Amino acid sequence: MIKFLDLKKVNARFKEEYEDVFNRFLNSGNYILGEEVSKFESAFKLYCGTGHCIGTSNGLDALRLIFEGYKILGKLHDGDEILVPANTYIASVLAISSANLKPILVEPDSISFNIDVHKAKSALTHKTKAILGVHLYGQLYDVHGLETLCKEQDLILIEDAAQAHGSSCFDGRKAGNVSDAAAFSFYPTKNLGALGDAGAVTTNDSALAEVVNKLRNYGRTSVYDNDLKGYNCRLDALQAAFLRIKLNHLDSDNQKRRSIAQQYLSLIDNDQISLPQFTHINEHVFHLFVIKNVNRDRLKSYLFENGVETFIHYPKAIHHQKAYSHLKTLHLPITSKLHNEILSLPLNTYLKSSEIEKIANLLTNFR
Ligand SMILES: Cc1ncc(COP(=O)(O)O)c(C=O)c1O
23 MIKFLDLKKV NARFKEEYED VFNRFLNSGN YILGEEVSKF ESAFKLYCGT GHCIGTSNGL
83 DALRLIFEGY KILGKLHDGD EILVPANTYI ASVLAISSAN LKPILVEPDS ISFNIDVHKA
143 KSALTHKTKA ILGVHLYGQL YDVHGLETLC KEQDLILIED AAQAHGSSCF DGRKAGNVSD
203 AAAFSFYPTK NLGALGDAGA VTTNDSALAE VVNKLRNYGR TSVYDNDLKG YNCRLDALQA
263 AFLRIKLNHL DSDNQKRRSI AQQYLSLIDN DQISLPQFTH INEHVFHLFV IKNVNRDRLK
323 SYLFENGVET FIHYPKAIHH QKAYSHLKTL HLPITSKLHN EILSLPLNTY LKSSEIEKIA
383 NLLTNFR
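Take the sequence shown: its position 88, counting from 1, is numbered 110 in the numbering used here, and each next residue is one higher.
Pasting the structure below:
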């Protein structure tokens, strides 16, 4: 069976470096925040090209702290409407509602899978205060389109960069640096994945960075002084140390992902299967390689019966989830259609050419 993703294989090549780091960490006697976290934050902000990086406990908390931070700064208020693509992972929307803001689901563009800027424009009301763009599957949203819209309408632009570490746009700016503030997840399956939960906020906004930095650590300014009612959302120091090792390999790993995507694109020959489309392959980091087929469930079973495991990102739209049952009457035909047709193929740095060929042949022969 070709597994969709084998995390043990992903991490095997870092084993010795991880063991060295763990021994150093154990002997340091300093297990919360400290040098490991600040070293990773410095390295990651340099990588993204932003002025600040604040490590957090996970991607959902990174997003949540951005929203809470803007509320503390007086730029967002309870009940403000935040536009978000309807086909994103539920965490994007949970972050909005948990900050007592109102998520407004906007249809994606069915080619790029990212938020449709025209539909975002149509969804604006006097209560709209921000857009949470999501770089779904590893390709940046329409950066120029969203930046222009947010500038025109005086909206805050926030990036959910959980799936896009290292991806870039037309002018070379990287994910994490094409908005007012960005959230990353370093969940183990991500292109830059830890060995547990981890996340980060990147921003060029010093005031927001200062608030997020306090919020993640009980709102405190010193050991016994607390300015804000904060949380415990700190980046784990050991995960920070592992991530710093992996960051050195992110660009070459993303390059490997692109070359696998390129092989799929040139080998799969079936006009009933839609392949991913993008502006420039060098800007995409292929966190996921998502194809579309009207008989998706039959295609998934066929691949499985022939030894290939696939996944669906995601099978159920947010407005069809029980947690958001008040949104169930929304008419989002593009989103619903995508959720019925999308299928993610295995795409990992360790995938062999023979495996890629096998998968591509199966897809070419599917009727
Ligand atoms: C688009 C998106 N946003 C947010 C998250 C949440 O990240 P985490 O799992 O680290 O909380 C994820 C994680 O899968 C994601 O894919």
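Here a beta-carbon is modelled for each residue, glycine too, at the ideal position from N, C-alpha and C. These figures come from a predicted structure and were not determined experimentally.
The continuous stretches of alpha helix (DSSP H) do not include residue 255, and DSSP gives it neither H nor E.
The C-beta distance from residue 312 to residue 365 rounds to 7 Å, short enough to fall under 8 Å. Less than 7 Å separates the beta-carbon of residue 303 from that of residue 280. In this structure, the C-beta of residue 113 approaches ligand 1 to less than 6 Å from one of its heavy atoms. In the three-state reduction of the DSSP assignment, residue 268 falls in the helix class, which pools H, G and I.
For ligand 1, a non-hydrogen atom lies closer than 6 Å to the CB of residue 182. Between residue 172 and residue 152, the alpha-carbon positions lie close to 8 Å from each other. The three-state secondary structure of residue 231, taken from DSSP, is helix.
Spatial neighbours of residue 36 in its own chain (CB-CB distance under 7 Å, excluding positions within 5 residues in sequence) are listed in chain order as 267 and 268. Distance from the Cα of residue 81 is smallest, within the candidate group 100, 47, 221 and 50, for 221.
Here residue 345 is exposed. Its C-beta has fewer than 16 other C-beta atoms within 10 Å.
A check of alpha carbon separations from residue 115 across 83, 96 and 93 identifies 83 as the nearest. Taking residue 275 as reference, the option from 351, 257 and 308 with the minimal CA-CA separation is 308. Looking at the DSSP output, residue 239 bridges to 254. Between residue 48 and residue 230 a beta carbon distance of about 35 Å is seen, past the 8 Å cut, so the two are scored as non-contacting. Under DSSP, residue 247 shares a beta bridge with 244. Between the alpha carbons of residue 290 and residue 379 lies a gap of roughly 9 Å. By the Cβ neighbour-count rule, residue 201 is buried, with 16 or more other Cβ atoms within 10 Å of its own. A residue is called buried when at least 16 other Cβ atoms come within 10 angstroms of its Cβ; residue 284 does not meet this threshold and is exposed. DSSP places residue 360 within a helical segment (H, G or I) once states are collapsed to three.
The alpha carbon of residue 123 has as its nearest neighbour, out of 277, 234 and 89, the alpha carbon of 89. Non-local beta-carbon contacts of residue 356 in its own chain, meaning distances under 7 Å to residues more than five positions away in sequence, involve 129, 130 and 132 in chain order. Runs of beta strand (DSSP E) with 3 or more residues, each lying fully within the stretch 55–121, are found at 74–78 and 103–107, listed in chain order.
Remark: the C-beta of residue 185 is in contact range of ligand 1, defined as less than 6 Å to any heavy atom. Around the beta carbon of residue 209, 16 or more other beta carbons sit within 10 angstroms, so the residue counts as buried. Residue 323 counts as exposed, since fewer than 16 other C-beta atoms from the protein chains shown sit within 10 angstroms of its C-beta.
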